[in-house]
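Undergrad:
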Amino acid sequence: MLGLRMILYNPRYSLALTILILQLWGFGCNDSDYVIDVPSYVTAQEGLCVHIPCSFTVPTHSPVSQTAEGHWYRPRAVQNLMTSSKDDPRKRMFFTGKIPERDCSLFINDVQKSDQNSYQFRLIDPKTLYNYKTLPFLIVTELTDRPEIFQGKLIAGKQSTITCRSPGICAGTPPDITWNGKYGETKNFLHPYPNYTSVYYSNFTFTPSRDDDQSSLTCEVAFLQYTSVTKHMVSLNVEYPPDVIITLGESRIKSFPPQPGPPDSPSTAGENTFTIKEGDNQVMTCAVDSNPLAEITWFMEDEVIKGPTIGRSLIYGLSGARLRDAGIYRCMGQNEHG
């Protein structure tokens, strides 16, 4: 204790100690020379990432040196969150700007609820140590962004690929992407961007059938080991050739199973023989299941007797049947697939 008293009460050492403290903490400087331009509030979704733009000023008589360091920390925290001299864009938090260029922007990956807080920037230079007064506050919300699903034209019997794009352009932990609703092959991949950031995709490859039309397919994306999950469901629009059914009274004639083919090979109903009495009234209904809607036409022998019309059914009625009405009646449904 005796030695300490001698230093404190010695005028020379007391003066040196006072000057050191003034330089270290910036006392006596004009705060108006130290301005930071940073948003007051920044919002990020849990599991994604956030970029906080930031720039700062210093007194004109004290420019930032090439060896200056920037630090981001939380108020009242003992340890820095990140230091520019030890920066690495592969870390969860890193600088995107260069301190000598007065750019203090930062990037946070794998945003967690515990990241919600105020953040303070500190400049350290050989002649300066200053804690900037404006503190951005990070607000962390639940994950609401949904994945995007891209599907091209789906045709029954032809292999197709549907792509799911994960939300966010980040550099953190890759998300888990899964498909639900159908059986098929999946392949996940990424598209790289600057600063080690990437967008993650997943391809789902399968061969749809006519029964898959209007069925559901879901892409699910999970972050932070499934603590933050988002999904997107779509209804599949599968195109297929016409399937024709003719109804006469209680009798039904169904077309042969349609096969994909050129438009000059339309689907028609099979042939059956029916007997009706002269003078009877009969209604023949042609129902066509197809996607897109088919052009429906009724024929008697080779003569068009009704249609063509676009739709799902076409009715032809016989009123007071006569001998000349005897013959072969056909219904044809046709679209771009058959």
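Residue numbers (the numbering used here): 806 to 1143. The beta-carbon is built from N, C-alpha and C at its ideal position, and this holds for glycine as well. Only a predicted model underlies this, so the values are computations on that prediction, with no experimental measurement involved.
1. Is Ser1124 helix, strand or coil when you go by DSSP?
2. Could you give the first and the last residue of the continuous beta strand (DSSP E) run that contains Ser1056?
3. Which of the three DSSP states, helix, strand or coil, is assigned to Ser889?
4. Would the beta-carbon of Leu943 be found less than 6 Å away from any heavy atom of the ligand GDP?
5. Buried or exposed: which applies to Met1038, given that a residue is buried once 16 or more other Cβ atoms fall within 10 Å of its Cβ?
6. Which two residues bound the contiguous beta strand (DSSP E) that contains Asp908?
7. If you check the beta carbons only, do Glu906 and Ser889 fall under 7 Å apart?
8. Given this structure, state the Cα-to-Cα distance separating Thr1097 from Lys963, to the nearest angstrom.
9. What does the Cβ neighbour count give for Phe926, buried or exposed, with the cut at 16 atoms within 10 Å?
10. Between which two residues does the beta strand (DSSP E) harbouring Phe900 extend?
11. Which one or two residues does DSSP pair with Tyr1045 in a beta bridge?
12. State the DSSP-derived secondary structure class of Asp1017, mapped to helix, strand or coil.
13. Measuring only the C-alpha atoms, how far is Val1088 from Asn1140?
14. Check Arg951 in the structure and name its three-state DSSP category.
15. Reducing DSSP to helix, strand and coil, say where Asp1107 ends up.
16. If Thr1090 sits next to Ser1118, beta carbons under 8 Å apart, how far is it from one beta carbon to the other, in whole angstroms?
17. Given this structure, state the Cα-to-Cα distance separating Leu940 from Ser971, to the nearest angstrom.
18. Can you check DSSP and say which residues form a bridge with Ile944?
19. Have a look at Trp984 and Leu1053 and give me their C-alpha separation to the nearest angstrom.
20. Can you give the Cα-Cα distance for Ser1033 and Phe994, rounded to whole angstroms?
21. Between which two residues does the beta strand (DSSP E) containing Thr1010 stretch?
22. On the DSSP bridge list, what partners appear for Lys992?
23. Assess contact between the stretch 1004-1019 and the stretch 1040-1054, defined as three or more Cβ pairs (one per stretch) separated by less than 8 Å. Is contact present?
24. Quick one: residues in its chain with C-beta nearer than 8 Å to the C-beta of Gly784, no 5 flanking neighbours on either side, listed in chain order?
25. Should Phe1009 and Gly989 be called a contact, given that it needs their Cβ atoms to be closer than 7 Å?
26. Check whether the stretch 862-872 and the stretch 1044-1053 touch, using three or more Cβ-Cβ pairs below 8 Å as the test.
27. Exposed or buried, which one is Leu911 when buried takes at least 16 other CB atoms within 10 Å?
28. In or out: Tyr1145 buried (at least 16 other Cβ within 10 Å) or exposed?
29. Kindly indicate which residue of Trp877, Tyr1031 and Asp842 has the alpha-carbon position closest to the one of Thr862.
30. What is the residue span of the beta strand (DSSP E) that Glu874 lies within?
31. Using DSSP with H/G/I as helix, E/B as strand and the rest coil, what is Lys987?
32. Thr1002 and Gln850 - do their beta-carbons sit closer together than 7 Å?
TA: From the atom records:
1. coil
2. Ser1056 to Lys1059
3. helix
4. In terms of ligand content, the structure shown is empty, and the ligand GDP therefore cannot be addressed.
5. exposed
6. Counting along the chain, Asp908 falls outside any beta strand (DSSP E), and DSSP gives it neither H nor E.
7. no
8. The question names Thr, yet the displayed sequence has Pro at residue 1097. Distance between the alpha carbons of Pro1097 and Lys963 is about 16 Å.
9. buried
10. Met898 to Phe900
11. Asn1096
12. helix
13. 25 Å
14. coil
15. coil
16. 6 Å
17. 31 Å
18. Thr848
19. 45 Å
20. 20 Å
21. Ser1003 to Phe1011
22. Asn1008
23. yes
24. Absent from the model: residue 784. The displayed extent of the chain is 806 to 1143, so no value can be given.
25. yes
26. no
27. buried
28. Residue 1145 lies beyond the residue range present for the chain, which begins at 806 and ends at 1143; the question has no answer from this structure.
29. Asp842
30. Glu874 to Tyr878
31. coil
32. no
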